[in-house]
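*Asks:* Let me give you the structure first, and then I'll get to my questions.
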Amino acid sequence: MDLAFKSLVDYVSRESGINLHQYRESYLRRRIDLRLKMLGLSDYGEYLRFLKSNGNEEVQKLVSTITINVTEFMRDKTPFEFLMKTVLPEIASRKKRVNSNVIRFWSAGCSCGEEPYTIAICALEALGEGWLISIYATDIDDACLEMAREGFYKPIQLKNLDRSLINKYFEKEDDGYRVKSFLKKYIRFKKHDLTTEKPVSKYLDVVFCRNVMIYFSEQQKTKVVNDFYNALVGGGYLVIGKSETLPAGFKDKFECVSLREKVYRKIK
168 MDLAFKSLVD
178 YVSRESGINL
188 HQYRESYLRR
198 RIDLRLKMLG
208 LSDYGEYLRF
218 LKSNGNEEVQ
228 KLVSTITINV
238 TEFMRDKTPF
248 EFLMKTVLPE
258 IASRKKRVNS
268 NVIRFWSAGC
278 SCGEEPYTIA
288 ICALEALGEG
298 WLISIYATDI
308 DDACLEMARE
318 GFYKPIQLKN
328 LDRSLINKYF
338 EKEDDGYRVK
348 SFLKKYIRFK
358 KHDLTTEKPV
368 SKYLDVVFCR
378 NVMIYFSEQQ
388 KTKVVNDFYN
398 ALVGGGYLVI
408 GKSETLPAGF
418 KDKFECVSLR
428 EKVYRKIK
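Residue numbers (this note's numbering): 168 to 435.
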């Protein structure tokens, strides 16, 4: 990492409170280069001077460029179908044996909220009444979290949902749809940095972390997956992105439930 680039990353990390050094350098360069091109700047030193003279606004724009993910409801639909048909029935059966009706989820890297709301819809549709559903939804981007709390989405973001589900869980507004208030009650949104902070909770039944770890170094992947392992109950499930793999060293901690859907279960 050359000095100009390191100084830039150090500055943005310090100003934003997000440790950007945990991202792969090649990924950081690609995302930062996008801002340079948009602003008509020539190099990292010039951009650092621009950042220092433009206050917090450009820092936040850069952080959003680095961290934001394009997403939608039921993204890559089959993992959610697997959740409904296989994972949730197994969890429900296990819970009933110990007289528990609580099922707890973590959507890590939730972006603008589509994933945790999808999880809530899947749980309600698959399990019916009588279950206490609790979903932690975390991200490092304040703007994304604010959008998630608002729960307003364009029609294109709901394209994977059946019309019956849209009518059931959303209110139609002029140019989009807003999540109904009863669905929001299942979800707690919180700012959280996977690379530096501890897990948001323990005794979780399912952790979703899809298409997030592709941006991390192997060392950071190991830290994050180990956190997920410690946060899950015995037999709890981890769902990662289809293009992702678990780091080396976790074969004795997770068993693969579905290689196609990238669903793993914590070995008790």
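For each residue, glycine too, the CB sits at the ideal point set by N, CA and C. Because the structure is a prediction, the values reported are computed rather than measured.
Please name the residue, chosen from PHE240, LYS365, PRO283 and TRP298, that lies closest to ASN268 on a Cα-to-Cα basis.
*Replies:* Within the sequence shown, residue 268 is the residue found at index 101, counting from 1. Checking every option, the nearest Cα to that of ASN268 belongs to TRP298.
*Asks:* What did DSSP end up calling TYR284 once you bin it into helix, strand or coil?
*Replies:* For this step, residue 284 is matched to residue 117 along the sequence shown. If DSSP states are grouped into helix, strand and coil, TYR284 belongs with the helices.
*Asks:* Nearest-angstrom Cα distance between HIS188 and VAL373?
*Replies:* Here residue 188 is taken as the residue at index 21 of the sequence shown, counted from 1. Here residue 373 is taken as the residue at index 206 of the sequence shown, counted from 1. Between HIS188 and VAL373, the C-alpha separation is close to 28 Å.
*Asks:* Output yes or no for whether 8 Å exceeds the beta carbon distance between VAL230 and ASP177.
*Replies:* Position 63 of the sequence shown, counted from the first residue, corresponds to residue 230. Position 10 of the sequence shown, counted from the first residue, corresponds to residue 177. Their beta carbons are not under 8 Å apart, which means VAL230 does not touch ASP177 by this criterion.
*Asks:* Please look up how many angstroms separate the CB atoms of ASP306 and SER278, rounded, as I've assumed it's under 8 Å.
*Replies:* The residue you call residue 306 lines up with position 139 of the sequence shown. The residue you call residue 278 lines up with position 111 of the sequence shown. Yes, they are in contact, since the Cβ atoms of ASP306 and SER278 sit about 6 Å apart, within 8 Å.
*Asks:* Measuring alpha carbon to alpha carbon, tell me which residue in LEU399, VAL392 and ILE407 is nearest GLY416.
*Replies:* The residue labelled residue 416 in the question sits at position 249 within the sequence shown. The shortest C-alpha separation from GLY416 is found at VAL392.
*Asks:* Compare the Cα-Cα distances from TRP273 to each of GLU364, ILE354, ASP169 and THR389 and report the closest residue.
*Replies:* Translated into positions along the sequence shown, residue 273 becomes position 106. Nearest C-alpha to TRP273: ILE354.
*Asks:* At the level of alpha carbons, what is the spacing between VAL400 and TYR370?
*Replies:* Looking up residue 400 in the sequence shown gives position 233. Looking up residue 370 in the sequence shown gives position 203. For VAL400 and TYR370, the distance between alpha carbons rounds to 5 Å.
*Asks:* Could you tell me if THR245 is buried or exposed, where buried requires 16 or more neighbouring beta carbons within 10 angstroms of its beta carbon?
*Replies:* Here residue 245 corresponds to residue number 78 of the sequence shown, with the count starting at 1. That one is exposed.
*Asks:* Starting from the C-beta of ASN186, find all residues in its chain whose C-beta is less than 8 Å away, skip the five residues before and the five after it, and write them out in chain order.
*Replies:* Along the sequence shown, one-based indexing puts residue 186 at 19. Around ASN186: SER180, ASP360, THR362 and THR363.
*Asks:* Within 10 angstroms of its Cβ, does LEU195 collect 16 or more other Cβ (buried), or is it exposed?
*Replies:* Locating residue 195 in the sequence shown gives position 28, counting from the first residue. Classification for LEU195: buried.
*Asks:* Find the nearest neighbour of GLY276 within the set GLU317, LEU413 and VAL406, judged by alpha-carbon distance.
*Replies:* Position 109 of the sequence shown holds residue 276. If we check each option's Cα against that of GLY276, VAL406 comes out closest.
*Asks:* Spatial neighbours of PHE249 within its chain, please: C-beta separation below 8 Å, excluding the five flanking residues on both sides.
*Replies:* Position 82 of the sequence shown, counted from the start, is the residue given in the question as residue 249. Cβ within range, chain order: SER425, GLU428 and VAL430.
*Asks:* Distance, Cα to Cα, MET205 vs SER193?
*Replies:* As a first step, residue 205 must be located in the sequence shown, where it is residue number 38. As a first step, residue 193 must be located in the sequence shown, where it is residue number 26. Approximately 19 Å between the Cα atoms of the pair.
*Asks:* Per DSSP, what kind of secondary structure is SER410 in: helix, strand or coil?
*Replies:* To locate residue 410, count along the sequence shown from 1; it is residue 243. Coil, per DSSP.
*Asks:* State the start and end residues of the unbroken beta strand (DSSP E) segment that holds VAL391.
*Replies:* Locating residue 391 in the sequence shown gives position 224, where the first residue counts as 1. Where VAL391 is concerned, there is no enclosing beta strand (DSSP E), although the alpha helix (DSSP H) it sits in stretches over 385-398.
*Asks:* How should ASP394 be labelled, buried or exposed, when 16 other C-beta atoms within 10 angstroms of its C-beta is the threshold for buried?
*Replies:* Along the sequence shown, one-based indexing puts residue 394 at 227. Buried.
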